[in-house]
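The block underneath contains the structure these notes are about, expressed in structure tokens.
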Amino acid sequence: MDLSALASCLITPSCVITQTTSGLIIGLLLFLVAAGVSLIFGVLKVVNFAHGAFYMLGAYFAYTAYQLSGNYLIAVLAGGIGVALFGLVFERLLISRVYGSPVLMQLLVCYGAILILDDLVKIIWGADFLSFGMPSAFQQLPFVFAGGVVPVFYLFLIVVALAIAGLLGLLISKTRYGKIVRAAAVNPSMVSALGINTGVVYASVFVLGGFLAGLAGGLAAPVRSLTAGMGTSIIIESFIVTVIGGMGSVAGALVGSILIGLVRSFGTIGFPLFTEGLMFVLMAVVLVLKPSGLFGKGGA
Amino acid sequence: MTKRAPNGVGRRSVLKGTAAVAAASTIGFPFVSKAQNKPIKVGMVTVLSGRVAILGSASQKGAQIEIDAFNAAGGLGGRPIELIVRDSKAKPEEAARIAREFINSEGCEILLDADTSAAAFAIQEIARETGILTIHTNSETSSLTADPKLHVPTAFRSARQGIHDAIAGGSYAAEVSKAKKLNRWMGCSPDYAYGRDSNKLFFEYLKRFHKDAEVIGESWPKLFQPDYTEQLTKILQSKPQAVYSCLWGGDLTAFIDQSSIYNLFAQTEVFAINIADYAVLTAIKNLPKGIHSGSRYLSTFPPTKENADWSAGYRKKFNEYPLNWSWENSAGTKFVLDALKKTNSTDSKKLAEAISGASISVPYGVDGKLTMRAGDNTLINYSTGWGQTIQKDPFVPDVKSVDWKMILDLETEWKKTMKYI
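Protein sequences, first through last, are from chains A and B. Residue numbers for the first sequence, in our numbering: 1 to 300. Residue numbers for the second sequence, in our numbering: 1001 to 1421.
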């Protein structure tokens, strides 16, 4: 524990800028995965533990697309669209069969899917780790604001992730589709009684979640080492975010993710040996003070 | 009435005997011959899945190249070696279970522990309990063989060792530090046994050789952490003149890629002991120039024709570069095979006696030889040195060898400090 270093950082503009940017980038990439987890749980009531594997698939799809096209934008879209399509098949063939099943059954199905997907990745792309490489457009010196360092690529990621968060927020809160999704989350029987095909709504939410996870994988690929099983750590953090933010709340996922990012970035200065633990402490504090999460509705 | 031969053996007895011989020659002799050709089973427990799957694949290939040559030359009196490989998924408890299964169910007579250090300590205890010949081919944690309390007469290490690397790295880094006046250092190593051991020992020897060196901060990413942003920004804030890291594999490539976008390499000298291994060198798309690295395995170090040929042979056979784990497993297997030839037996005690203190001829040893030191059953005299990266093959062109006499002298001193001797 080095509280003096943390205090010194908090009064130094360069440190605050660098660590805040660092927290934002960790948090916003996490948000893209956590938002899908939260939406799927909120609407489908399914604990999709395989969502981390979707993130992994997004990174691998983007890698292949980048190898073929050399274009990062195409690669990211390939990651998002590829996983969205995969998510549709996955939901129709597998997940739709465990709607309403006990959580244990859902977890077993998802865990089985994770093992299969990890093995498929090894068969298709090999067991060795892969490196995407930084697109040439971002191979630039980082920006320096008041002594704080912000890489160009991270600035791009922050802008894109915030834009996606904004669009997602608008989609859920301002559109007819969003109203249906929110209604389905509260009372699917009533939605069905109104003549809306809830099966299609569920599938679309799953596709949307998959699209976001795939985008996150593609966006992060240039600064990650690609390996089978790379989704495991992000799914654990995503569930922590979901608990902190409140199950089913996109705004909660955003706030929870950024909180986790900031806790990690500043925690590494003040608590270098306890950074991971700080996330769980934060979760425990939220659970004690507001068991349904910061943006959750009702009881836990 | 039965007619008897003059010596009292009846015709029927002769016929029965003939039939028995005939039967034996068609059924019995092949059976005996089959028993003689029964493969000698060698069990390898390693990691074949997850982020360190490359460890298992390189380990398996390293061992297989030696076993194939041995079998092609007729095996042990006609008995070939059969390598059985199982995945521990990097879980020590699973590695221990597999090791026991190898002995109790699979009939393995020799164990190759090609797993991580965490598993090596569990397997060492199985070796103690069962007395089976065990070669730890990948664990670099020094205490495994240095601590006499852990000593098992039939267990050996054919891998490089943390203390050796720390002395070699510390002396090289001190030389560079003195020349470039690098006094403010930081560490960024993975938060588990190997990372802590390597970090501590590296700085211990750096400060021993360069008194002005000061460690101004440390950062401990967890093993397999995907994002190092928080560690990198901490490093940038602390403004060290040099950084030491023993991150490895995919973690190291992610760290390098992420460091590049912060332009870290222009602001500080980076000493990353595990870069000079082809798995990392070839994976990083934009390998920064000038990173200091220890030699893990390079086909150009030692710069001999034999080493280049070994590397080329490996690449031809497996269509990929050999790695550090490749030579470590190749060496461990070769010690076993040489001992099998020497003793003409699979008895663990006899094999262990033959391996203890033995030397083998291999291209990646100093002067073409590796020695399994008697006493602590560990490998010495492997090629070790440090150099700086360039962006293309040969990646680390000018590797400076480190003197093994100095390594061994300081290792003895370290053992005394640790009360191992």
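Note that beta-carbon positions come from the ideal geometry of N, C-alpha and C, so glycine has one too. Since we're looking at a predicted model, the values are computed, not measured.
For this session: State buried or exposed for B/K1034, treating a residue as buried only when at least 16 other CB atoms are found within 10 Å of its CB.
Result: Numbered from 1 along the second sequence, position 34 holds the residue referred to as residue 1034 of chain B. At B/K1034 the pLDDT is 49, less than 50, meaning the model places this residue with poor confidence and gives no usable figure here.
Exercise. Near A/M279, what residues of its chain come up, given a Cβ to Cβ distance below 8 Å and the 5 sequence neighbours on each side ignored?
Worked result: In the first sequence, residue 279 of chain A corresponds to position 279, counting from 1. Around A/M279: E237, I240, I260, V263 and R264.
For this session: Closer than 8 Å, Cβ to Cβ, to anything on chain B: give me those residues from the region 271-294 of chain A, in chain order.
Result: The region 271-294 of chain A vs chain B, Cβ under 8 Å: P272, L273, T275 and E276.
For this session: Measure the beta-carbon distance from B/A1242 to B/L1201 and round it to whole angstroms, keeping in mind my assumption that it falls under 8 Å.
Result: The residue given as residue 1242 of chain B occupies position 242 in the second sequence. The residue given as residue 1201 of chain B occupies position 201 in the second sequence. Between the beta-carbon of B/A1242 and that of B/L1201 there is about 16 Å, and that puts the pair past the 8 Å contact cut.
For this session: Could you name each continuous beta strand (DSSP E) segment of 3 residues or more that falls completely within the region 41-96 of chain A, going from the start of the chain to the end?
Result: Complete beta strand (DSSP E) runs here, min 3: none at all.
For this session: Give the interface partners of B/I1262 over in chain A, defined as CB-CB distance under 7 Å, in chain order.
Result: Counting from 1 along the second sequence, the entry for residue 1262 of chain B is found at position 262. As written in the sequence, residue 1262 of chain B is Tyr, which differs from the Ile given in the question. Near B/Y1262 (Cβ distances below 7 Å), the residues of chain A are P142, V149 and P151.
Exercise. Using CA coordinates, which residue listed in B/P1148, B/E1140 and B/H1151 is at the minimum distance from B/I1163?
Worked result: Position 163 of the second sequence holds residue 1163 of chain B. Among B/P1148, B/E1140 and B/H1151, the Cα nearest to that of B/I1163 is on B/E1140.
Problem set entry | Residue-level contact to chain A via CB, B/T1154, 7 Å cutoff | Here residue 1154 of chain B refers to the residue found at position 154 of the second sequence. No, no contact with chain A.
Problem set entry | A/I269, buried or exposed, once every other Cβ within 10 Å from all chains shown has been counted against 16 | Indexing the first sequence from 1 puts residue 269 of chain A at position 269. A residue is called buried once 16 or more other Cβ atoms fall within 10 Å of its Cβ, and A/I269 is buried on that count.
Exercise. In terms of residue numbering, what span does the beta strand (DSSP E) encompassing B/Q1388 cover?
Worked result: The residue given as residue 1388 of chain B occupies position 388 in the second sequence. G1385 to Q1388 is the extent of the beta strand (DSSP E) around B/Q1388.
Problem set entry | Span of the beta strand (DSSP E) around B/W1185 | In the second sequence, residue 1185 of chain B corresponds to position 185, counting from 1. Counted as a single uninterrupted DSSP element, the beta strand (DSSP E) harbouring B/W1185 occupies residues R1184 to C1188.
Exercise. From what residue to what residue does the alpha helix (DSSP H) around B/D1398 run?
Worked result: Looking up residue 1398 of chain B in the second sequence gives position 398. For B/D1398, there is no enclosing alpha helix (DSSP H), as DSSP marks it with neither H nor E.
Exercise. If contact means a Cβ-Cβ distance below 7 Å, which residues of the region 1270-1284 of chain B contact chain A?
Worked result: Closer than 7 Å at the C-beta level to chain A, one finds these residues of the region 1270-1284 of chain B: A1279, A1283 and I1284.
Exercise. Listed from N- to C-terminal order along the chain, which residues in the region 1040-1054 of chain B have their beta-carbon within a distance smaller than 9 Å of any beta-carbon of chain A?
Worked result: Those residues of the region 1040-1054 of chain B placed with their C-beta closer than 9 Å to a C-beta in chain A are L1048, S1049, G1050, R1051, V1052, A1053 and I1054, ordered along the chain.
Exercise. Where DSSP assigns a beta bridge to B/Y1297, which residues make up the other side?
Worked result: Taking the first residue of the second sequence as position 1, residue 1297 of chain B is located at position 297. Residue pairing by DSSP places B/Y1297 opposite B/D1277 in a beta bridge.
Exercise. Would you say B/C1188 faces chain A, with C-beta separation under 7 Å as the test?
Worked result: Within the second sequence, residue 1188 of chain B is the residue found at index 188, counting from 1. No Cβ of chain A is located within less than 7 Å of the beta carbon of B/C1188.
Exercise. What residues in its chain sit with their C-beta under 7 Å from that of B/C1253, if we drop five residues either side in the sequence?
Worked result: In the second sequence, residue 1253 of chain B corresponds to position 253, counting from 1. Note that residue 1253 of chain B is Thr in the sequence shown here, rather than Cys. The residues are V1280, A1283 and I1284.
For this session: Can you tell me the Cβ-Cβ gap for A/G217 and A/M1, rounded? I've got them flagged as a contact below 8 Å.
Result: Taking the first sequence and counting its residues from 1, the one referred to as residue 217 of chain A is at position 217. Taking the first sequence and counting its residues from 1, the one referred to as residue 1 of chain A is at position 1. So it is not a contact: roughly 35 Å between Cβ atoms.
Exercise. Since B/D1251 meets chain A, which of its residues come closer than 8 Å, beta carbon to beta carbon?
Worked result: Counting from one through the second sequence, the residue named residue 1251 of chain B turns up at place 251. Against chain A, a Cβ distance below 8 Å from B/D1251 picks out S225.
Exercise. In chain B, which residues lie with their C-beta within 8 Å of the C-beta of A/L130?
Worked result: Residue numbering aside, residue 130 of chain A sits at position 130 when the first sequence is read from its first letter. Under the 8 Å cutoff, chain B gives A1283.
For this session: Leaving out five residues on either side along the sequence, give the residues of the same chain with a beta carbon under 8 Å from the beta carbon of A/L44.
Result: The residue given as residue 44 of chain A occupies position 44 in the first sequence. Here the set comprises I95, Y99, Y202, V205 and F206.
Exercise. Taking the continuous alpha helix (DSSP H) assigned at B/N1164, which residues delimit it?
Worked result: Here residue 1164 of chain B is taken as the residue at index 164 of the second sequence, counted from 1. Residue 1164 of chain B is actually His in this sequence, not Asn. Segment G1162 to K1180, the alpha helix (DSSP H) holding B/H1164.
For this session: Determine the chain A residues that contact B/Q1391 at a beta-carbon separation under 7 Å, and present them in chain order.
Result: As a working note, residue 1391 of chain B is residue 391 in the second sequence. Chain A residues near B/Q1391: none, gap ~13 Å exceeds 7 Å.
For this session: With A/V207 as the anchor, note down where its alpha helix (DSSP H) starts and where it stops.
Result: Within the first sequence, the letter at position 207 stands for residue 207 of chain A. From DSSP, the alpha helix (DSSP H) with A/V207 extends over T198 to A220.
For this session: Kindly indicate if chain A contains any beta-carbon less than 7 Å away from that of B/W1327.
Result: Residue numbering aside, residue 1327 of chain B sits at position 327 when the second sequence is read from its first letter. Chain A, which has no Cβ nearer than 7 Å to the Cβ of B/W1327, makes this no.
Exercise. Which same chain residues, not among the five before or five after B/S1025, have their C-beta less than 6 Å away from its C-beta?
Worked result: Taking the second sequence and counting its residues from 1, the one referred to as residue 1025 of chain B is at position 25. Only weak support exists for where B/S1025 lies, its pLDDT of 44 falling under 50; the coordinates are left without a value.
For this session: Counting only the same chain and skipping the five closest in sequence on each side, list residues whose C-beta sits under 8 Å from that of B/S1345.
Result: As a first step, residue 1345 of chain B must be located in the second sequence, where it is residue number 345. L1351, listed in sequence order.
For this session: Could you tell me the distance, in whole angstroms, from the CA atom of B/I1132 to the CA atom of B/V1396?
Result: As a first step, residue 1132 of chain B must be located in the second sequence, where it is residue number 132. As a first step, residue 1396 of chain B must be located in the second sequence, where it is residue number 396. When the Cα atoms are used, B/I1132 and B/V1396 turn out to be separated by approximately 40 Å.
Exercise. Whose C-beta lies closer than 7 Å to the C-beta of B/R1184 among residues of the same chain, with five residues either side of it excluded?
Worked result: Counting from one through the second sequence, the residue named residue 1184 of chain B turns up at place 184. E1214, I1216, P1240 and Q1241.
For this session: Figure out for me which residue from B/G1313, B/T1417, B/S1348 and B/I1421 has the closest Cα to the Cα of B/S1066.
Result: Taking the second sequence and counting its residues from 1, one reaches residue 1066 of chain B at position 66. The sequence given here has Glu at residue 1066 of chain B, not Ser. When only C-alpha atoms are compared, the closest one is B/G1313.
For this session: Can you have a look at A/R97 and say buried or exposed, based on whether 16 or more other CB atoms are within 10 angstroms of its CB?
Result: The count along the first sequence starts at 1 and reaches residue 97 of chain A at position 97. So A/R97 ends up on the exposed side.
For this session: Out of B/T1304, B/G1107, B/A1331 and B/H1151, state which residue places its alpha-carbon closest to the alpha-carbon of B/Q1060.
Result: Here residue 1060 of chain B refers to the residue found at position 60 when the second sequence is read from its first residue. Comparing C-alpha distances from B/Q1060 to each of B/T1304, B/G1107, B/A1331 and B/H1151 shows the shortest one belongs to B/A1331.
Problem set entry | Run of the beta strand (DSSP E) containing A/M283, from where it starts to where it stops | Within the first sequence, residue 283 of chain A is the residue found at index 283, counting from 1. In this chain, A/M283 is not harboured by any beta strand (DSSP E); it is covered by the alpha helix (DSSP H) spanning T275 to L289.
Exercise. What residue does the alpha helix (DSSP H) around B/Y1314 start on, and which one ends it?
Worked result: Here residue 1314 of chain B is taken as the residue at index 314 of the second sequence, counted from 1. Residues K1305 to F1318.
Exercise. Going by the CB atoms, is the gap between A/A221 and A/A65 shorter than 7 Å?
Worked result: Here residue 65 of chain A is taken as the residue at index 65 of the first sequence, counted from 1. Here residue 221 of chain A is taken as the residue at index 221 of the first sequence, counted from 1. Not a contact, by the Cβ cut-off of 7 Å.
For this session: If I'm right that B/V1052 touches B/A1090 with Cβ under 8 Å, what's the distance once you round it to whole angstroms?
Result: Residue numbering aside, residue 1052 of chain B sits at position 52 when the second sequence is read from its first letter. Residue numbering aside, residue 1090 of chain B sits at position 90 when the second sequence is read from its first letter. About 6 Å separates the two Cβ atoms, so the contact holds.
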